[in-house]
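> Numbering (the working numbering), first residue to last: 145 to 325. A virtual CB, placed ideally from N, CA and C, is assigned to each residue, including glycine.
#1: In whole angstroms, what separates the C-alpha of residue 166 from that of residue 178?
#2: Straight-line CA distance for residue 275 to residue 304?
#3: At what residues does the alpha helix (DSSP H) containing residue 200 begin and finish?
#4: So, do the region 249 to 266 and the region 288 to 297 have three or more beta carbon pairs nearer to each other than 8 angstroms?
#5: Among residues of its own chain, excluding the 5 on either side of residue 196, which ones have a beta-carbon nearer than 7 angstroms to its beta-carbon?
#6: Taking 8 angstroms as the cut-off, decide whether the C-beta atoms of residue 204 and residue 321 are in contact.
#7: Kindly indicate which three-state DSSP category residue 232 falls into: helix, strand or coil?
#8: Inspect the beta-carbon positions of residue 239 and residue 222 and report whether they are closer than 8 angstroms.
#9: Relative to the alpha-carbon of residue 208, which residue among 323, 312, 324 has its alpha-carbon at the smallest distance?
#10: Tell me whether residue 225 is buried or exposed, calling it buried when 16 or more other Cβ atoms sit within 10 Å of its Cβ.
#11: Considering only the alpha carbon of each residue, which of 206, 172, 281 lies closest to residue 230?
#12: Would the beta-carbon of residue 241 fall within 8 angstroms of that of residue 220?
#13: Take the Cβ of residue 317 as the centre, count every other Cβ of all protein chains shown within 10 Å, and call the residue buried at 16 or more, exposed below.
#14: Report yes if the C-beta distance between residue 269 and residue 198 is below 8 angstroms; otherwise report no.
#15: If you compare alpha carbons, which of 299, 314, 325, 315 is closest to residue 201?
#16: Alpha carbon to alpha carbon, what distance is there between residue 235 and residue 252?
#17: What is the DSSP secondary structure of residue 269, counted as helix, strand or coil?
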């Protein structure tokens with residue numbers, strides 16, 4: 145027999161135990177979780193500014209790619225041709241001097257190097273317009289990676305999130321992204 149002050153292991157009658165949660169505690173936890181999910185889920189969808197930044201990054205990367213192609217292959221200089229009013233959406237492609245109106249093929253694929261906002265890899269980049277400042281429809285590079293024009297090329301992307309300019313310096317060929325007006 146045990147003495148009054150001893151607790152026998154496994155004897156649940158000797159100590160009050162509380163196992164699990166009450167219904168009220170579970171409801172409070174679920175309410176907090178629902179509020180947190182309600183706050184987080186809308187932020188998972190890209191907003192206008194995020195789409196604009198992503199599109200500007202794509203344009204800048206493609207301009208830098210064409211520039212690198214021109215430096216590495218000076219016998220067939222590369223360019224990026226833009227069609228802001230294409231029926232499917234603003235479009236651009238990387239081409240070369242020997243076939244100026246035909247996109248080159250992406251490396252290691254048979255896919256044309258063409259980007260249309262709202263399609264393919266740019267499917268989520270909708271509602272963005274493009275305008276060109278300092279060039280007509282083509283940004284072309286020479287064998288040193290400089291622009292073939294004497295003024296900077298500016299590709300302006302605009303949507304509800306504002307505007308961004310992808311600028312190519314005419315002397316150095318350096319590509320930057322700036323806030324638009």
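Answer, in terms of the structure:
#1: Position 22 of the chain shown, counting from 1, holds the residue named residue 166. Position 34 of the chain shown, counting from 1, holds the residue named residue 178. Computed Cα separation, rounded: 18 angstroms.
#2: Here residue 275 is taken as the residue at index 131 of the chain shown, counted from 1. Here residue 304 is taken as the residue at index 160 of the chain shown, counted from 1. Going by the C-alpha atoms only, they are around 15 angstroms apart.
#3: Counting from one through the chain shown, the residue named residue 200 turns up at place 56. Its alpha helix (DSSP H) spans residues 192 to 216.
#4: As far as the Cβ criterion goes, the region 249 to 266 does not touch the region 288 to 297, which means the pair count is below three.
#5: For the purposes of this step, residue 196 is taken as residue 52 along the chain shown, with counting starting at 1. Excluding residues within five positions, the ones whose Cβ falls inside 7 angstroms are 272, 301, 303, 305, 306, 308.
#6: If you number the chain shown from 1, residue 204 lands on position 60. If you number the chain shown from 1, residue 321 lands on position 177. Yes, they are a contact pair.
#7: Along the chain shown, one-based indexing puts residue 232 at 88. Three-state DSSP puts residue 232 in coil, outside helix and strand.
#8: The sequence position of residue 239 within the chain shown is 95, counting from 1. The sequence position of residue 222 within the chain shown is 78, counting from 1. Yes, Cβ-Cβ distance for residue 239 and residue 222 is below 8 angstroms.
#9: Within the chain shown, the letter at position 64 stands for residue 208. The option with the nearest alpha carbon to residue 208 is 312.
#10: Taking the first residue of the chain shown as 1, we reach residue 225 at position 81. The residue is buried, with at least 16 neighbouring Cβ atoms inside 10 Å.
#11: On the chain shown, residue 230 is found 86 positions in, with the first residue counted as 1. For the residues 206, 172, 281, the minimum Cα distance to residue 230 belongs to 281.
#12: Here residue 241 corresponds to residue number 97 of the chain shown, with the count starting at 1. Here residue 220 corresponds to residue number 76 of the chain shown, with the count starting at 1. A contact, by the Cβ cut-off of 8 angstroms.
#13: The residue given as residue 317 occupies position 173 in the chain shown. By the 10 Å Cβ count, residue 317 comes out buried.
#14: Here residue 269 corresponds to residue number 125 of the chain shown, with the count starting at 1. Here residue 198 corresponds to residue number 54 of the chain shown, with the count starting at 1. For residue 269 and residue 198, yes; Cβs fall inside 8 angstroms.
#15: For the purposes of this step, residue 201 is taken as residue 57 along the chain shown, with counting starting at 1. Checked all of 299, 314, 325, 315; the closest Cα to residue 201 is 299.
#16: Within the chain shown, numbered from 1, the residue matching residue 252 stands at position 108. Within the chain shown, numbered from 1, the residue matching residue 235 stands at position 91. Cα to Cα, the separation comes out at about 22 angstroms.
#17: On the chain shown, position 125 is the one that residue 269 refers to. Reduced to three states, the DSSP call for residue 269 is coil.
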